[in-house]
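In what follows, a single structure is set out as structure tokens and then discussed.
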Ligand code: EPU
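Numbering (the working numbering), first residue to last: 21 to 441.
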């Protein structure tokens, strides 16, 4: 079993460079299925979710080749139906469901396994299905697979989503990119990765407007062509290192970011007495000789505070003076990691979607588990800020979404290593 071993207490200082956005990459990779020709994708994050998405495409017959560490060519000109091993890979990650939208968009037919991914309670996909059905597809779930079929082709539709969903917005955008007519999607998600997927598709010849607002219009085009596209920097990876330096103290220059995407996180850190300086494509986060102070957080769809930063900021609040309230506005069950933090001396109480955190002076090292991707990142932060040794188990969750986390943190002063038990 592999785990991280962290000796806490070192302030972080120096520079960290942020990779490409996970949640953009894992939608853009399946989007390449819509394209006849080679898509060259730059700034590809080096994480296991990307590796799996690319393996799934290869199982479907796509040609995938790395040009350098972060640039990959994908050619989906000739792809075929899913093999058993493709279904097996799909079960491992959430984002495999984007293949429903892209295969449906390209062939009018798709079959994917029920998606896996982090467990924060029920993760319905009714809004994806509602969108596909509006575009003329028939959906059936059987034998652990979701099957979509648009016998007479996809057509445009006006779709009003009942809930704001990142996944449904992207999936239906994929299906509608080549559907006949103009599709209007209302009450859509506005996350930076939604805009990135639309920009990718537009650069390959699609006609999508309004991404980043509540209403997206998609004029279906006949076909998409190959091209070169660079994925945006990862908002959550950057936010995680911002939270890390807030918790440990020190000063970190976080490079290759879009500061506007980080404002929801920056504002909370400033509330907590942390200094954040915004530069062109970097932020400097500093906390030297300053006591963290309490704040309240409620997670909301973008531009609200991101749910994927909730566990990392909660660790910072564990060390802040006073009592803070964290309200989870997206997922039903995203506080399971609080039991792990309690092993380190945190004082927290969870009641449904609300957690009350009473700040303590110090956390103590302990053996803890990464309950999911972001909860795992939170444990790493807690370990770096705590007295003594912390062991973080189940690190496969963390490596799904953070590239070179050990090397990046070591380079800025953390005492962290990855060991095999
Ligand atoms: N929802 C529905 N019906 C649907 C879809 C969603 O009711 O058909 C509900 C969900 O239950 C949830 C809310 O809508 O309460 C938002 O879900 P959304 O669809 O936006 O989430 P997702 O697409 O499944 C993505 C990210 C998550 C991130 C959420 C919210 C990927 C693969 N995952 O999930 O990222 O938490 O958006 O921003 O893009 C992570 O990176 O750690 C992660 C979990």
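Ideal Cβ positions, reconstructed from N, Cα and C, are used throughout, including at glycine. Note that the structure is predicted; figures quoted are calculated from it, not measured.
query = Do you know whose CA, among 153, 261 and 122, lies nearest residue 35's CA?
reply = Taking only the C-alpha atoms, the option nearest residue 35 is 261.
message = Restricting to runs no shorter than 3 residues, where is the beta strand (DSSP E) found entirely within the stretch 352-397?
response = Taking only runs of at least 3 residues, the beta strand (DSSP E) segments lying wholly in the stretch 352-397 are 367-371, 374-378 and 387-389.
Residue 144, DSSP secondary structure in three states = Looking at residue 144 - three-state DSSP - the assignment turns out to be coil, as it is neither helix nor strand.
key: Minimum C-alpha distance to residue 21 - residue among 411, 353 and 293   = A check of alpha carbon separations from residue 21 across 411, 353 and 293 identifies 411 as the nearest.
message = Quick test of your reading: residue 279 and residue 303, contact by CB under 8 Å. State the CB separation rounded to the nearest angstrom.
response = Sure, about 5 Å apart at Cβ, within 8 Å.
ask   = Three-state secondary structure (DSSP) at residue 440?
value = Strand at residue 440.
request  = Check each candidate in 66, 103 and 105 and name the one with the smallest Cα separation from residue 88.
outcome  = Nearest C-alpha to residue 88: 66.
message = If the criterion is Cβ atoms closer than 7 Å, does the pair residue 407 and residue 28 meet it?
response = In this structure, residue 407 places its C-beta atom within 7 Å of the C-beta atom of residue 28.
ask   = Per DSSP, what kind of secondary structure is residue 152 in: helix, strand or coil?
value = Note: residue 152 maps to helix in three-state DSSP.
message = To the nearest angstrom, how far is the alpha carbon of residue 349 from that of residue 190?
response = The straight-line gap from Cα to Cα measures roughly 20 Å.
query = Candidates 199, 213, 145 and 204: which alpha carbon is nearest residue 42's?
reply = With distances taken between Cα atoms, residue 42 lies closest to 213.
key: At least three beta-carbon pairs within less than 8 Å, the stretch 309-317 to the stretch 358-365   = Contact between the stretch 309-317 and the stretch 358-365 is absent, with fewer than three C-beta pairs closer than 8 Å.
key: residue 221 versus 401, 259, 437 and 50, residue with shortest Cα-Cα distance   = Of 401, 259, 437 and 50, the smallest CA-CA separation from residue 221 is found for 50.
inquiry  = Between 223, 276 and 287, which has its C-alpha nearest residue 299's C-alpha?
reply    = Checking every option, the nearest Cα to that of residue 299 belongs to 276.
query = Taking the DSSP output, what are the residues bridged to residue 325?
reply = Residue pairing by DSSP places residue 325 opposite 319 in a beta bridge.
query = If we ignore side chains and look at the alpha-carbon of each, how far apart do residue 378 and residue 346 end up?
reply = Here the alpha carbons of residue 346 and residue 378 stand approximately 11 Å from one another.
ask   = Would you say the beta carbon of residue 147 comes nearer than 6 Å to a heavy atom of ligand 1?
value = Residue 147 Cβ: within cutoff of ligand 1.
request  = Have a look at residue 157 and residue 192 and give me their C-alpha separation to the nearest angstrom.
outcome  = Taking the straight line joining both Cα atoms gives about 11 Å.
key: CA-to-CA distance, residue 152 to residue 180, given in whole angstroms   = If you draw a straight line from the Cα of residue 180 to the Cα of residue 152, it comes to about 12 Å.
ask   = What three-state label does DSSP hand residue 117 in the structure shown?
value = In the displayed model, residue 117 falls within a helix according to three-state DSSP.
query = Do residue 128 and residue 423 come within 7 Å of each other at the CB atom, strictly closer than that value?
reply = The answer is no: Cβ separation not under 7 Å.
message = In this structure, how does DSSP classify residue 312 when only helix, strand and coil are distinguished?
response = In the structure shown, residue 312 sits in coil (DSSP, three-state: anything other than H, G, I, E or B).
task = List the residues that DSSP assigns as beta-bridge partners of residue 92.
result = Beta-bridge partners of residue 92 (DSSP): 61 and 86.
inquiry  = Alpha carbons only, please: which of 420, 103 and 170 is nearest the one belonging to residue 77?
reply    = Residue 103 is the option with its Cα nearest to residue 77.
message = Quick check: is any heavy atom of ligand 1 less than 6 Å from the C-beta of residue 144?
response = For residue 144, the shortest C-beta to heavy atom distance toward ligand 1 is below 6 Å.
inquiry  = Using a Cβ-based criterion (distance less than 6 Å to any ligand heavy atom), does residue 52 qualify as near ligand 1?
reply    = No - ligand 1 has no heavy atom lying nearer than 6 Å to the Cβ of residue 52.
query = Using the beta-carbon count (16 or more within 10 Å), is residue 391 buried or exposed?
reply = The residue is buried, with at least 16 neighbouring Cβ atoms inside 10 Å.
query = What does a CB cutoff of less than 6 Å around residue 393 pick up in its chain, not counting 5 residues either side in sequence?
reply = Result list for residue 393: 138, 417, 420 and 421, in chain order.
query = Ends of the beta strand (DSSP E) at residue 307?
reply = Bounds of the beta strand (DSSP E) holding residue 307 are 302-307.
Cut-off 8 Å between Cβ atoms - residues of its own chain near residue 202, not counting five sequence neighbours on either side = For residue 202, where only same-chain residues beyond five positions count, the Cβ hits under 8 Å are 176, 237, 238, 239 and 240.
query = Measuring CA to CA, which of 135, 432, 82 and 186 is closest to residue 161?
reply = Taking only the C-alpha atoms, the option nearest residue 161 is 135.
query = Does the beta-carbon distance from residue 426 to residue 436 come in below 7 Å?
reply = For residue 426 and residue 436, yes; Cβs fall inside 7 Å.
Residues bridged to residue 418 [DSSP beta-bridge criterion] = In the DSSP output, where bridge partners are listed per residue, residue 418 has none listed.
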